[in-house]
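Participant: One structure is given below, represented as structure tokens, and several questions about it will come after.
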Amino acid sequence: MLGHAGQRSSFLTRVPFAATLGVTHPSALPHESAQGAAITRLNWKPVFQHPPCSRTVALPPREATAGCEEARITPPACQLPHIFYCLWILESKMDLSHRFSKRELVLLYEEVLYTIRHRLGKPEHHHVADSQELYAYVQKAFGMDEEEHRVIMQQVKELESPVFCLKATVKEAKGILGKDVSGFSDPYCLLGIEARSQELAHPDHKKRMKAVVKDLIPEDQIHRTQVISQTLSPVWDETFILEFEDVEMASFHLDMWDSDVMESVRHKLGELTDLHGLKRIFKDARKDKGQDDFLGNVVLRLKDLHCWSDQWYLLEPRTETYPNRGQCHLQFLLTHKKRTTISSRTQPSYTVHRHLLQQLVSYEILQHQAGSITWDGELSRHASTVLYLHATQKDLSDFHQVMAQWLAYSKLYQSLEFNSNCLLHQITSIEYQWVQERLRPEQKAELAESFQSLLTYGVSLIRRFRIIFPLSVPRSTERLQSLLRVLVQMCKMKAFRELCTLSPDLPGMVSTALKSGTMEWFHMQKQHLKPMVKSMEENGRALSRLLVEVVGDLQQCQKIWNKFFLNTFKLNLFSIAFLELESLVAEHIQEQLHEIDSSMSKPTAESLFQLYMNLQELYRMKDFLPKREGPLALRNFHQWFKEAVPQWLQKAYTIALERTQRAIQMDQLTPFGEHNKHSTSTVDLSTCYAQIVKTWQQLSWPDPEEAFMIMVKLVEDMCKIALMYCRLIKERAEALSLSEQNEGEAANRLCIVVNNIKQLRLLILRLPLQLDWAQLEQRTEAVIDPQQIQHTLHNQLDSTVSCLDHEIRDVVQALATKVGPRHEEAGAEGKNPVPLCISPWQLEKGIARHIQELSSSSDTQEPEDSIIPLMKFLESELQYLNEHLVQENFNSLLALLWRHTLAVLSAAAGQLGSSTQHYKKLHYALKSLERCFHADGCGLPLETLHTAAFLSLETHLALCSSTSRKLIQKYFSNRIQQQLDTNSEKYGAVTIKALYRPSEQKLHVDVLNAVNLIPLDSNGSSDPFVQLTLEPRHEFPEVVARTTQCKRNELHPLFDEAFDFLVPPEKCRQEGACLLLTVFDYDTLGANDLEGEAFFPLCRLPGLDADEDQVNAGQVPQTRLPLTHPKPTGDEILRLLESRKGDKEAQAFVKLRKQRAKQSKETE
């Protein structure tokens, strides 16, 4: 509210030159230099700049001004001078309804000068105190020259001064004295204005300040409030109009009294509550009957009051008896009565105030434009002061001030754009204060008309929101969002619903406006992009440009604008725009493409392909629709381009073929980079394939059967290009070799050719994934048999890959024929041979020869020395291939050589009667070759190297290269592992307790019992006993075997016998060290029968790794060991030991184990 609160309004211009509207008629502008000066001040020159377009586009008034340079609008005749075009816009197009005639402007100027001349009150701190500044400001704001200002000012001086009034409102009081016996008072106030107040320096000032109103002011000028009975916090809220003549000399006086009426003593005694009440009874008895008690007063000089004030004042005493007499809440407003200006006498106050506000706001915007200063949207101090003075002097109520502001701002908004939050403030204020009965019929009609006008105008802006709120202009989204909020809040107002009989369907109006606006925008774009030359090619390009604009607009609607309309109106702008534009685009393009046929030219086909992709992008945007009913007009748009598809595919094939041929012709068959082993033509070939794949993705043909035929054509073309590439790249290599006659360079080129073809093979193999055959198969499963896809696509691809493999083998064979003689010749001459290139067959022969030499070398030679020739051979021969072959080709070669190497080593390891040293050399060679082929991760991965053949060979060689004692230890390790893995007790079980005593270095064993033994005697029972030995024997040569007592006819014998073995702790930790418990069936005649054997690992003995005597013998757990039988055929270790005929220890061990195997109940 501008009136009492003195708030400052905020505005924003919609168009740069619109600030001239509503200011003055051009004749009223300062006569600086006629029209030239006026145009300069309006700063039109940078606003209108003729765009290069020469086309005329007729736009509504708003469209002609929004967006400044971005609007790109030209006048009806482009040859018109620039200034006349601006004047044409101003006079012909803009809404000038709020501009005033010369007489209206003069009368309004008279009103504002009269307001400043007769200003009242102490200026606010944020207002202009100097009246001369205000005169100078309004002279500029109204465009008055000095003579006009002097004449009108003289007229104002001759007018009769208004009647000055103080509008005083006595609101309430608090904390006043209680003068009655009850402790309360019956307060009332007397107030008035003393015409001539005394200055503070006058000796009688304090006396007159304490004088009562009835002694200072004539009785007819004294005003009295109502009496509020029995209270210390009275509330009156009564307003009085007090007239005065001289604000400098007058002062306001208010006395507060306690009203006393005649009461009997008995009545007073009945109200008595305390001792103070009794004192009051005695005091009342001494004073005159009916005399009121003084409660306090307030005296204020009028010149110290602001135009409007609202505050609490202390009640001053006449004596010092009770200095604290409470406070009184007063409101003051300094106003005029009987203003003698023509406007005040002929027009409603709020109408005059509205016109003044309208004029000053327009000038504020004009000043911002002329001074090129960024305007923050607030009125200046001068404008705020003038409007504040006028509202207070006219005694405009808050409601009527809001009414005036609404009428002014809502009208100005239709010509000048300012911050519409100001309108929201007016709407909120009117809604809060709305009482229909406050307005006269003409005011109601005016307010209703302002609602309808702003609604119509706002909807028209929404209809043209693309032009009015372009995203190229800053804050456009905030402006539109603010407008939407204003329209919604306005339609929700009680005032709107009561005054506008036909309540509009705002969402429906906005939806209709958006549809029509979208259609207008499309036709404008279509006209703007219409080609100058009517040909199929130009039409296609124009249609593509139009679709780019449409897609861009829909993207803006979906990403930026849609949320505002959804939040405000629950309208999906994107849906409205898409459905409208989709239908318009379909209709327009079908009209343009009705003459298309299969004989079209290549340029026409090219332009149609871009159009097809643009349509595809537009159609894909349907996925953003929340829901749709019925088919879209673009649903079968691909059928419009069916005749052009063969030409599109042929063009893609031709471009790829020609580029591949040029790439081969330019290829020097050298690596095109430091870390690359291909030549340049593979890069171009990969690009060609990628472009064909992109063509398929861009087509994204909806019809599955037709899409399959397109795929077949594309794959066929790419396979043709692949085979053509193989033939031409080999021809290129031969041509370069013939021209240089250098065998080394020829071999190098053949390596490049192999790499290139290998790269081509990888490109071909990636096609199913790149072309997404799996998705195509899903789409076509209803119309095409999967076998047909397999036969047509996969077989064609497999056939091409086979041809490429054949080409690779041919080139490798060519390498072998070119390199072999040269390499052998270099070696024969005793030179250090540097291989130009070598074939895999030569490498295999070399590896086999070196392994044979290693195998037949003397046993006195160390394995590390015997492997050196083989490693040097591989290093020298593989280095070249590693440098000239791509990693895939090199790895393939390594895999082939690895399989060959394993086969050769296996053959060498299979020789019978070989020495241990022989196997050590082969084992060392195997591990060295493993590291060589792996190359710390740069060669073959370990999972490729560790084949079943490798693992078997490694195990065999490790065993064969071990000593007999190591083999025996390995044997017992295997039996311990078998013991741990055995859960079955089909031969029974034996239970023991074992403990190692470190202090005594003794192994203590308690043999507790055996259970579930198998019956071996004819009576169905057995005579079991347990033999305890420490194995292997070579680790415990001094420890003799121990046996338990024999238990007759028992299958579950209880032994409960203890044994001690003197054993060093380190022996217990040896590989294969164990306690062998063999359960026999005692036979009087013949050998004892085997019940079973169990192996207890010594490394797991309790107490072995503990501190001295930490383990308590009573806490050692029992161990139940299932009995096992050896396999009758033995194992590989026993066979190896048996083959060592000259080793007596090995032979003795094998003999013992064979005896056990003979008694075994195990079967194969």
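For the sequence shown, our numbering begins at 43 and goes up steadily by one. Even for Gly, the Cβ is constructed at its ideal location relative to N, Cα and C.
1) Quick one: grab the DSSP three-state call for Leu408.
2) Could you check where the alpha helix (DSSP H) with Lys536 kicks off and where it finishes?
3) Tell me the rounded alpha-carbon separation between Ser617 and Ala555.
4) Assuming His965 and Asp901 make a contact with CB atoms under 8 Å, what is their CB distance in whole Å?
5) Identify the residues that DSSP records as bridge partners of Asn339: which are they?
6) Measure the C-alpha to C-alpha separation of Thr1086 and Gly1128 and round it to an integer number of angstroms.
7) Leaving out the 5 sequence neighbours to the left and right, which residues in its chain are closer than 6 Å to Lys1035 when beta-carbon positions are compared?
8) Taking a contact to mean a Cβ-Cβ separation below 8 Å, would you say Lys1044 touches Leu1118 in this structure?
9) When you compare only the Cα positions, how much space is there between His46 and Ile602?
10) Can you give me the Cβ contacts of Asp1185 inside the same chain, cut-off strictly under 6 Å, excluding the 5 residues immediately before and after it?
11) Figure out for me which residue from Phe714, His926, Tyr179, Phe1101 has the closest Cα to the Cα of Gln401.
12) Counting only the same chain and skipping the five closest in sequence on each side, list residues whose C-beta sits under 6 Å from that of Ala537.
13) Between which two residues does the beta strand (DSSP E) containing Pro1066 stretch?
14) Enumerate in chain order the residues of its own chain whose CB-to-CB distance from His892 is below 8 Å, with the five nearest sequence positions on each side excluded.
15) In whole angstroms, give me the CA-to-CA distance for Glu758 and His848.
16) Got a sec? Which residues, its chain only, sit under 7 Å from Leu1050 by beta carbon, not counting five neighbours each side?
17) If you drop the 5 nearest sequence neighbours on each side, which residues of the same chain put their C-beta closer than 6 Å to that of Met563?
18) Reducing DSSP to helix, strand and coil, say where Ser227 ends up.
19) Name the one or two DSSP bridge partners that Thr281 has.
20) Can you name the start and end residues of the beta strand (DSSP E) that Gly594 belongs to?
21) What separation, rounded to the nearest whole angstrom, lies between the Cα atoms of Leu155 and Ala210?
22) Straight-line CA distance for Gly582 to Thr702?
23) Which residue or residues does DSSP assign as beta-bridge partners of Ile1034?
24) Would you mind stating whether Phe206 and Val341 have Cβ atoms separated by less than 8 Å?
25) According to DSSP, which residues form a beta bridge with Glu1135?
26) Exposed or buried, what is Asn678 when buried is set at 16 or more other beta-carbons lying within 10 Å of its beta-carbon?
27) In three-state terms, what does DSSP make of Cys980?
28) Note the first and the last residue of the continuous alpha helix (DSSP H) segment covering Leu676.
29) With distance defined between alpha-carbon atoms, name the residue in Thr989, Gly1145, Gln689 nearest to Tyr1038.
30) Between the alpha carbons of Asn933 and Val754, how many angstroms are there, rounded?
31) Would you kindly work out how many angstroms separate the C-alpha atoms of Asp440 and Pro668, rounded to a whole number?
32) Between which two residues does the alpha helix (DSSP H) containing Thr377 stretch?
33) With distances taken Cα to Cα, identify the nearest neighbour of Ala171 among Arg480, Thr997, Val428, Asp279.
34) Within 10 angstroms of its Cβ, does Leu232 collect 16 or more other Cβ (buried), or is it exposed?
35) Among the residues of its own chain, which have a CB less than 7 Å from the CB of Tyr661, if the five just before and after it don't count?
36) Taking only three categories from DSSP, how would you classify Ile235?
Facilitator: According to the structure shown:
1) Reduced to three states, the DSSP call for Leu408 is helix.
2) Counted as a single uninterrupted DSSP element, the alpha helix (DSSP H) harbouring Lys536 occupies residues 536 to 541.
3) Taking the straight line joining both Cα atoms gives about 14 Å.
4) Not quite, the Cβ-Cβ distance comes to about 14 Å (not below 8 Å), so this is no contact.
5) Paired residue(s): Asp297, Glu358.
6) Distance between the alpha carbons of Thr1086 and Gly1128: 19 Å.
7) Within the same chain, Lys1035 has close Cβ partners Asp1048, Val1158, Gln1160.
8) Result no, Cβ atoms of Lys1044 and Leu1118 do not sit closer than 8 Å.
9) Here His46 scores only 38 on pLDDT, less than 50, and its place in the model should not be relied on; the value that follows carries that caveat. If you take the alpha carbons of His46 and Ile602, they lie about 41 Å apart.
10) Only residues of its own chain outside the window of five on either side were considered, and among them Ser1006 have a CB closer than 6 Å to the CB of Asp1185, listed in chain order.
11) Answer by Cα proximity: Tyr179.
12) Around Ala537: Ile472, Trp476.
13) Element bounds for Pro1066: 1066 to 1073.
14) Annotation for His892: Pro911, Leu912, Phe915 place their beta carbon closer than 8 Å to its own, counting only its chain and skipping 5 residues before and after.
15) So the alpha carbons of these two residues sit roughly 19 Å apart.
16) The residues are Thr1033, Ile1034, Lys1035, Phe1097, Asp1098, Gln1160.
17) Sequence check: residue 563 is Trp here, not Met. The answer, listed in chain order, is Arg508.
18) In the structure shown, Ser227 sits in a strand (DSSP, three-state: E or B).
19) According to DSSP, which records beta bridges pairwise, Thr281 is partnered with Thr211.
20) It is not in any beta strand (DSSP E) - Gly594 instead sits in the alpha helix (DSSP H) that spans 578 to 598.
21) Distance between the alpha carbons of Leu155 and Ala210 is about 26 Å.
22) Looking at the two C-alpha atoms, the distance is approximately 30 Å.
23) Answer is Val1049, Thr1161, bridged to Ile1034.
24) No, the pair does not count as a contact, with Cβ atoms beyond the cut-off.
25) According to DSSP, Glu1135 bridges with Thr1120, Thr1166.
26) Asn678 should be labelled exposed.
27) It is coil, neither helix nor strand.
28) Taken as a continuous stretch (DSSP letters only), Leu676 belongs to no alpha helix (DSSP H), as it is neither H nor E.
29) Distances from the alpha-carbon of Tyr1038 to those of Thr989, Gly1145, Gln689 put Gly1145 closest.
30) Asn933 and Val754: Cα-Cα distance of roughly 33 Å.
31) A straight-line Cα-Cα distance of about 47 Å links Asp440 and Pro668.
32) Under the DSSP assignment, Thr377 falls outside any alpha helix (DSSP H), being part of the beta strand (DSSP E) whose first and last residues are 369 to 379.
33) Nearest option by C-alpha distance: Val428.
34) Buried.
35) In chain order, Leu676, Phe679 place their CB closer than 7 Å to the CB of Tyr661, counting only its own chain and leaving out the 5 sequence neighbours on each side.
36) When secondary structure is reduced to three states using DSSP, Ile235 falls in the strand class.
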